[in-house]
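Trainee: Per our numbering, the sequence shown starts with residue 2, numbered consecutively.
Note that the Cβ used here is the ideal one computed from N, Cα and C, for glycine as well.
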Amino acid sequence: MSRSRLTLSLCLLLAVFGALPSVAAGDPQLVLVLDASGSMWGQVQGENKIVVARRVLDELIESLPAESKVGLVAYGHRREGDCSDVEVLAPAGPLDRKVLTSRIDGLTPKGKTPLTAALEKAFDEAGRLSGGATVVLVSDGLETCGGDPCAVVRKARAANAGLVVHVVGFGVEESDVSSLECTAQAGGGLYLAAADAAQLSAAFARVVEAPPELPAGRLEIGARVGDRLVDALVRVRDSSGKEVATGRTYTRSDTNPRIFALPDGVYDVEVSAVGIQGSKTQTFEGVEIRDGVAAARQADFGTGELFLTVTRNGQLSDAAVRVYKAGTQDEVAAGRTYSNPKSNPKSFRLSPGEYDVFVSSVELADRPERRLAGIAVTGGGRAERKLDLPSGELAVGAVRGGTPVDAVIQVYAADGKRSIASGRTYDSPDTNPRRFVLSPGHYRVEVRSIDLEGKPKRELSVEVQAGGAKEVNAEF
């Protein structure tokens, strides 16, 4: 697992659950489903995943209360390529630490990943336990035998409301997470990502707690672009501002909309699209759950287009363009218009929201920058803006007795504090006078001779007008 995926797993784990406690007091009723497929010989931090899983599960079993009831199902540990390789290693019943640890330690990964068949076995075992039961599936990958774990979990939950299914993804590739999250969501439980022994231990400590009574209310958050489901990170905060839930929608209908079990109350929801350019976050404030009735919101990240035409004195002009979320320094897009009708107007595809656009001329020596504030972009909409940057031409010559002389030119703002442009005349009529394209306004020009004795200097005050051409000479 890459460093970025490891960081994301840790952040999501901490964001959802905070500091994870040790196994709670009480009498857990568990059925553990352990992946012993061939891929468990893969490594995390230089150690085989099966070795880590054995050790962590042994520690978990030693920490369980004596009155716990536990069953154990494993898959993929006896035969290669056999989708029926699912075995109940310990029937659900009173905790027998010696039997459980010996069976776990004896597992040797070999075969496939029949998640659906393994879950069906686990549900049979859960049926042996009176009252609610928790099934904990540990897997490092997806179903490889053609089954549908999400569907079988939904069916089991419909028949047994006291059943909760948690999923621990151990070293799972990011592209595979959505399927496992679907299984957890269908089971009314948690999906926890674990990338090493410490995270695996923390995940087990969380999911084997005696399952609390789930809140009756539901919050359903979907994310899409038009008719297409899109991946988004969802954060839910209660009225005090405390984050109480988080999750991802992914692009499957099994997890999109994302469903959160929450008590009655008022919540703020932040939905951040994954992989869409522009203002990627949408917020729903004051979402109320009352009397256990589900509240649903849909974040539509359907993109709109912003077209910006930049001209100079009415003609297409080259400019650098930067787009920010309105009122922030969060740059979401950038580009350049050039003076070609193929690229000017410059178009940006952005998610709905308000944007500030900064335009800096490439053609004008003083590099003027203009701000277009609060441009609204709607899903499927088209926003158009035009900006004209007026200019004039200033020609500065250096002569002595009518003959061009070599000199350095410095153009300043009228107050003399800000340098605008510079150049050199040389003594050729091709470059003397030296020409500058500038915004209309007043300027102070300093011309210093290079070849004349003492390098004398001349200062000139000039005004440049829009569309005009101003020529001045410094006489030496």
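Provide the residue span of the beta strand (DSSP E) that contains V137, from first to last.
Mentor: Here residue 137 is taken as the residue at index 136 of the sequence shown, counted from 1. Counting along the chain, the beta strand (DSSP E) containing V137 begins and ends at 134-140.
Trainee: Could you name the residues that DSSP lists as bridge partners for H443?
Mentor: Within the sequence shown, the letter at position 442 stands for residue 443. DSSP output for H443 lists E464 as bridge partner(s).
Trainee: For E385, tell me which candidate among K347, V32, K418, V275 has the shortest Cα-Cα distance.
Mentor: Taking the sequence shown and counting its residues from 1, one reaches residue 385 at position 384. Cα-wise, what sits closest to E385 is K347.
Trainee: Buried or exposed for N341, going by 16 or more other Cβ atoms inside 10 Å?
Mentor: Indexing the sequence shown from 1 puts residue 341 at position 340. Exposed.
Trainee: Considering only their Cβ atoms, is the gap separating R238 from D1 smaller than 9 Å?
Mentor: Only positions 2 to 477 of the chain appear in this structure, which leaves residue 1 out of reach.
Trainee: Quick one: complete beta strand (DSSP E) runs, 3+ long, within the stretch 282-343?
Mentor: Listed in chain order, they are 282-290, 296-301, 305-313, 320-326, 332-337.
Trainee: Take R56 and list the residues in its own chain whose beta-carbon comes closer than 8 Å to its own, dropping the five residues that flank it on each side.
Mentor: Locating residue 56 in the sequence shown gives position 55, counting from the first residue. Same-chain partners within the cutoff: A198.
Trainee: For D389, which three-state DSSP category applies?
Mentor: Within the sequence shown, residue 389 is the residue found at index 388, counting from 1. Strand.
Trainee: Kindly indicate which three-state DSSP category K50 falls into: helix, strand or coil?
Mentor: What you label residue 50 is simply residue 49 of the sequence shown in a count that begins at 1. Here K50 sits in helix by DSSP.
Trainee: Kindly identify the DSSP beta-bridge partner or partners of E88.
Mentor: Within the sequence shown, the letter at position 87 stands for residue 88. For E88, which the question treats as bridged, DSSP gives the partners A75.
Trainee: What residues match up with N474 in a beta bridge as DSSP calls it?
Mentor: In the sequence shown, the residue the question calls residue 474 occupies position 473. For N474, which the question treats as bridged, DSSP gives the partners G398.
Trainee: Taking the DSSP output, what are the residues bridged to P405?
Mentor: Translated into positions along the sequence shown, residue 405 becomes position 404. DSSP lists V400 as partners of P405.
Trainee: Would you identify the three-state DSSP class for S273, choosing helix, strand or coil?
Mentor: For the purposes of this step, residue 273 is identified with residue 272 of the sequence shown, where counting begins at 1. Three-state DSSP puts S273 in a strand.
Trainee: Report yes or no: do the stretch 419-428 and the stretch 462-471 share at least 3 C-beta pairs separated by less than 8 Å?
Mentor: Contact between the stretch 419-428 and the stretch 462-471 is absent, because fewer than three Cβ pairs lie under 8 Å.
Trainee: Hey, could you find the ends of the beta strand (DSSP E) R425 is sitting in?
Mentor: Here residue 425 is taken as the residue at index 424 of the sequence shown, counted from 1. Per DSSP, R425 belongs to the beta strand (DSSP E) from 420-425.
Trainee: So does V209 have its beta carbon nearer than 8 Å to some heavy atom of the ligand SAM?
Mentor: The ligand SAM is absent from the structure shown, which contains no ligands of any kind.
Trainee: Mind checking P405: buried by the 16 CB within 10 Å criterion, or exposed?
Mentor: As a working mapping, residue 405 is identified with position 404 in the sequence shown. With 16 or more Cβ atoms within 10 Å of its Cβ, P405 is classed as buried.
Trainee: Suppose contacts are defined by Cβ-Cβ distances below 9 Å. Is R337 in contact with A320 by that definition?
Mentor: Start at 1 with the first residue of the sequence shown, and residue 337 comes out as number 336. Start at 1 with the first residue of the sequence shown, and residue 320 comes out as number 319. For R337 and A320, yes; Cβs fall inside 9 Å.
Trainee: Could you pull the start and end residues of the alpha helix (DSSP H) that V153 belongs to?
Mentor: Your numbering for residue 153 matches position 152 in the sequence shown. Per DSSP, V153 belongs to the alpha helix (DSSP H) from 150-160.
Trainee: What is the DSSP secondary structure of D506, counted as helix, strand or coil?
Mentor: Summary: the structure shown does not reach residue 506, with the chain confined to residues 2 through 477, and so no result is reported for it.
Trainee: Which residue or residues does DSSP assign as beta-bridge partners of T247?
Mentor: In the sequence shown, the residue the question calls residue 247 occupies position 246. Its beta-bridge partners are R236.
Trainee: For the alpha helix (DSSP H) holding I105, just list the boundary residues, first then last.
Mentor: Counting from 1 along the sequence shown, the entry for residue 105 is found at position 104. Here the alpha helix (DSSP H) through I105 covers 98-106.
Trainee: Could you tell me which residues DSSP pairs with F349 in its beta bridges?
Mentor: Stepping through the sequence shown from its first residue, residue 349 is reached at position 348. L307.
Trainee: Rounded to whole angstroms, what's the CA-CA distance from L164 to L193? Just pull it up for me.
Mentor: By 1-based counting over the sequence shown, the position of residue 164 is 163. By 1-based counting over the sequence shown, the position of residue 193 is 192. Their backbone Cα atoms lie some 18 Å apart in a straight line.
Trainee: Going straight from the alpha carbon of G47 to that of A196, what length do you get?
Mentor: In the sequence shown, residue 47 corresponds to position 46, counting from 1. In the sequence shown, residue 196 corresponds to position 195, counting from 1. If I take the Cα positions, the gap works out to 12 Å.
Trainee: I'd like to confirm the pairing. Which residues does DSSP put opposite P95 in its beta bridges?
Mentor: On the sequence shown, position 94 is the one that residue 95 refers to. Beta-bridge pairing links P95 to K70.
Trainee: Does the Cβ of N314 have 16 or more other Cβ atoms within 10 Å, making it buried, or fewer, making it exposed?
Mentor: Along the sequence shown, read from residue 1 onward, the residue named residue 314 stands at position 313. Under this definition N314 is an exposed residue.
Trainee: Three or more C-beta pairs closer than 8 Å, one from the stretch 160-180 and one from the stretch 250-267: is that the case here?
Mentor: Enough Cβ pairs lie closer than 8 Å, so yes.
Trainee: Within its chain, find whatever has a CB closer than 6 Å to the CB of G468; leave out the 5 residues flanking it on each side and keep chain order.
Mentor: What you label residue 468 is simply residue 467 of the sequence shown in a count that begins at 1. If we look at G468 and ignore the five residues flanking it on each side, its Cβ neighbours are N314.
Trainee: Determine the DSSP secondary structure at D177, reduced to helix, strand or coil.
Mentor: Reading the sequence shown from its first residue, position 176 is the one you call residue 177. Helix, per DSSP.
Trainee: Please work out which residues of its chain come closer than 8 Å, Cβ to Cβ, to L453, disregarding the five sequence neighbours upstream and downstream, and give them in chain order.
Mentor: Residue numbering aside, residue 453 sits at position 452 when the sequence shown is read from its first letter. Here the set comprises R401, V406, F477.
Trainee: To the nearest angstrom, how far is the alpha carbon of P213 from that of P264?
Mentor: Against the sequence shown, residue 213 aligns to sequence position 212. Against the sequence shown, residue 264 aligns to sequence position 263. Residue confidence for P213 is low, a pLDDT of 49 falling below 50, so the modelled location carries little weight and cannot support an answer.
Trainee: Quick one, are the C-beta atoms of A94 and A37 less than 9 Å apart?
Mentor: For this step, residue 94 is matched to residue 93 along the sequence shown. For this step, residue 37 is matched to residue 36 along the sequence shown. The sequence shown places Gly at residue 94, not Ala. Cβ distance not < 9 Å, so G94 and A37 don't count as in contact.
Trainee: Could you check which residue in R80, Y356, L309, A475 has the C-alpha nearest to that of E332?
Mentor: Here residue 332 refers to the residue found at position 331 when the sequence shown is read from its first residue. Nearest option by C-alpha distance: Y356.
Trainee: In whole angstroms, give me the CA-to-CA distance for V100 and D141.
Mentor: If you number the sequence shown from 1, residue 100 lands on position 99. If you number the sequence shown from 1, residue 141 lands on position 140. Near 24 Å, if we compare the C-alpha coordinates of D141 and V100.
Trainee: Once DSSP output is grouped into helix, strand and coil, what is the label at Y192?
Mentor: Here residue 192 refers to the residue found at position 191 of the sequence shown. Three-state result, Y192: strand.
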